[in-house]
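A.B. asks:
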Amino acid sequence: MTIQIHPNKEGFYNEFGGAFIPESLKPAINELRENYLKIIESKEFTNEFIGLLKDYVGRPSPLYYANHLSNKYQTNVFLKREDLNHTGAHKINNTIGQILLAKYLGKKKIIAETGAGQHGVATATVCAKYGMECKIFMGALDIKRQAPNVGRMRLLGAEVIAAESGTKTLTDAVNEALNEWTISSHDTFYLLGSVVGPHPYPDIVTRFQSIISKEISKQIEEKTGKNYPDVVIACVGGGSNAAGAFYEFLNNENVTLIGAEAAGKGINTNYHAATLTKGKTAILHGSNSVVLLDENNQIADSYSISSGLDYPGIGPLHAHLAQTKRAKYIAISDEEAISAANVLMKKEGIIPALESSHALAVLDKVKFNRNQNVVINLSGRGDKDLETFLENIQ
Numbered sequence: 025m026t027i028q029i030h031p032n033k034e035g036f037y038n039e040f041g042g043a044f045i046p047e048s049l050k051p052a053i054n055e056l057r058e059n060y061l062k063i064i065e066s067k068e069f070t071n072e073f074i075g076l077l078k079d080y081v082g083r084p085s086p087l088y089y090a091n092h093l094s095n096k097y098q099t100n101v102f103l104k105r106e107d108l109n110h111t112g113a114h115k116i117n118n119t120i121g122q123i124l125l126a127k128y129l130g131k132k133k134i135i136a137e138t139g140a141g142q143h144g145v146a147t148a149t150v151c152a153k154y155g156m157e158c159k160i161f162m163g164a165l166d167i168k169r170q171a172p173n174v175g176r177m178r179l180l181g182a183e184v185i186a187a188e189s190g191t192k193t194l195t196d197a198v199n200e201a202l203n204e205w206t207i208s209s210h211d212t213f214y215l216l217g218s219v220v221g222p223h224p225y226p227d228i229v230t231r232f233q234s235i236i237s238k239e240i241s242k243q244i245e246e247k248t249g250k251n252y253p254d255v256v257i258a259c260v261g262g263g264s265n266a267a268g269a270f271y272e273f274l275n276n277e278n279v280t281l282i283g284a285e286a287a288g289k290g291i292n293t294n295y296h297a298a299t300l301t302k303g304k305t306a307i308l309h310g311s312n313s314v315v316l317l318d319e320n321n322q323i324a325d326s327y328s329i330s331s332g333l334d335y336p337g338i339g340p341l342h343a344h345l346a347q348t349k350r351a352k353y354i355a356i357s358d359e360e361a362i363s364a365a366n367v368l369m370k371k372e373g374i375i376p377a378l379e380s381s382h383a384l385a386v387l388d389k390v391k392f393n394r395n396q397n398v399v400i401n402l403s404g405r406g407d408k409d410l411e412t413f414l415e416n417i418q
């Protein structure tokens, strides 16, 4: 079966997607829908975007053969080193693209949401570069547990605004950013961080992050003689790094795609963010997708030790990939993620982000063949998570 890589003109991947938004946001969303493809497919934009990825971000990020992990798990493990990008994660790929979109649309101010703070840092970084006013909404709880990234955002000139409602995490930050946008969209661009939200954001972010899999295809051929891996694994919160890592291989049935979502303290507890494992179809933040609901069919509170995965929804592309069984999604607990991170630290000398640690934990859940080439998207580095690691690893 052929997988739908991009949404239709209404923004749907089959039944998932769309733009369910208040009237006050329709002018801003319509402006974006009418212009984004013309802009990002133009030669001028492409040259500027690719030039910045190379000279500012530091791409291509390496594809590293992890020999100690390969020996431990008896398969060929490659790490796509997005943690080596400027700002320390894959998020910069998208913020570079969207700040250029904002510039081409004539916007002067930027608002954004962030969970773990990596998108916030990447947004603050590009706003500093382009001299744009920057407001970043972040859950009050996440501000406490991701203090280093909050400091980075402020040093870069961003105003960090605490979301005090609900669970004080990523969901609430998105809510408040959207509320702000309803009153300021005439001169403000909402730089959304994942493949969620109303159309065309899921498609925009997927296109900008697709550089990950495009590089993997070239790099794996240089190392193995075959231009695709046998398996690609990536963590999934909203799903941007996974969308980018899967993109080039979506219609190659020789490639197994695995997403790792947050099981938190267990999928049979109320403390998890395993959306595709336990969720139902519903509308969240402007799109129809799979969402965690409570007994009253209201948006449920989510939980993960990893701020970037602590979200009760999933991007509509991933909902589509799960429904069509093109990708498999595995729930990884806090404990399993911490254990996997410890292995990478001790075996390869790399400290991963807690988000990426969920992807690494798939190696303990799935048995791969000795001759398979398994690429894990190491989406971010663990500087921001040092306190959590020190508390949990002896």
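One gets my numbering by counting positions in the sequence shown from 1 and adding 24 to each.
Built from N, CA and C at the ideal position, the CB exists for glycine as well.
(1) Are at least three pairs of beta-carbons, each pair with one atom in the stretch 394-401 and one in the stretch 93-106, less than 8 Å apart?
(2) Quick check: what's the CA-CA separation for residue 106 versus residue 112?
(3) Quick one: what's residue 281 bridged to in DSSP?
(4) Only counting runs of 4 or more residues, tell me where the alpha helix (DSSP H) segments fall wholly within the stretch 272-353, in order along the chain.
(5) Out of 165, 176 and 129, which has the shortest C-alpha to C-alpha gap to residue 152?
(6) Is the CB-CB distance between residue 360 and residue 334 below 8 Å?
(7) Rounded to a whole number of angstroms, what is the C-alpha to C-alpha distance between residue 288 and residue 171?
(8) Is it the case that the stretch 228-245 contacts the stretch 351-367, given that we only count it when at least three CB pairs across the two stretches are under 8 Å?
(9) Just to check my reading of the structure: residue 450 and residue 313 have Cβ atoms closer than 8 Å, yes? What is that Cβ distance to the nearest angstrom?
(10) From this set, 418, 28 and 344, which residue's C-alpha is nearest residue 263's C-alpha?
(11) If you drop the 5 nearest sequence neighbours on each side, which residues of the same chain put their C-beta closer than 8 Å to that of residue 160?
(12) Tell me the residue span of the alpha helix (DSSP H) that contains residue 116.
(13) So, with DSSP's three-state summary, where would you put residue 240?
(14) CA-CA distance, residue 198 and residue 340?
(15) Indicate whether the contact test is met: 3 or more Cβ pairs, each with one atom in the stretch 77-85 and one in the stretch 244-252, closer than 8 Å.
(16) For residue 101, write down the residues that DSSP places opposite it in a beta bridge.
(17) When we look at the beta-carbon of residue 349 and count the other beta-carbons within 10 Å, is it buried (16 or more) or exposed?
(18) State the DSSP-derived secondary structure class of residue 261, mapped to helix, strand or coil.
(19) Grouping DSSP H, G and I as helix and E and B as strand, with all else coil, what is residue 356?
(20) Buried or exposed for residue 51, please, with buried defined as at least 16 other CB atoms from any protein chain shown within 10 angstroms of its CB.
(21) Just tell me which of 35, 269 and 378 has its CA closest to the CA of residue 311.
(22) Is any beta-carbon of chain D found at less than 8 Å from that of residue 330?
(23) How about residue 41 and residue 226: are their beta carbons less than 8 Å apart?
(24) Apart from the five residues on each side of it in sequence, which residues of its chain come closer than 6 Å, Cβ to Cβ, to residue 116?
(25) Relative to the alpha-carbon of residue 372, which residue among 104, 273, 128 and 91 has its alpha-carbon at the smallest distance?
(26) What would DSSP say about residue 379, mapped onto helix, strand or coil?
(27) Compare the Cα-Cα distances from residue 318 to each of 299, 332 and 309 and report the closest residue.
(28) Residues in the same chain with beta-carbon distance under 6 Å from residue 114, minus the five sequence neighbours each way, listed in chain order, please.
(29) Which term fits residue 156, buried or exposed, when burial requires 16 or more other beta carbons within 10 angstroms of its beta carbon?
C.D. replies: According to the data block:
(1) yes
(2) When rounded, the separation of the alpha-carbon atoms in residue 106 and residue 112 is 7 Å.
(3) BP columns for residue 281 point to 256 and 351.
(4) 299-302 and 340-347
(5) For residue 152, the nearest C-alpha among the options comes from 176.
(6) no
(7) 21 Å
(8) no
(9) Nothing about residue 450 can be read from this structure; the chain reaches only from 25 to 418.
(10) 344
(11) 135, 136, 137, 138, 144, 147, 148, 177, 182, 183, 184 and 185
(12) 115-128
(13) The answer is helix: DSSP assigns residue 240 an H, G or I state.
(14) Each residue's alpha carbon lies about 16 Å from the other.
(15) no
(16) 398
(17) By the neighbour-count rule (16 or more Cβ atoms within 10 Å), residue 349 is not buried but exposed.
(18) coil
(19) In the structure shown, the three-state DSSP call for residue 356 is strand.
(20) Exposed.
(21) 35
(22) Considering every chain present, this structure includes no chain D. It has just one protein chain.
(23) yes
(24) 81, 109, 110 and 146
(25) 91
(26) helix
(27) 299
(28) Excluding positions up to five away in sequence, the list reads 106, 265 and 403.
(29) buried
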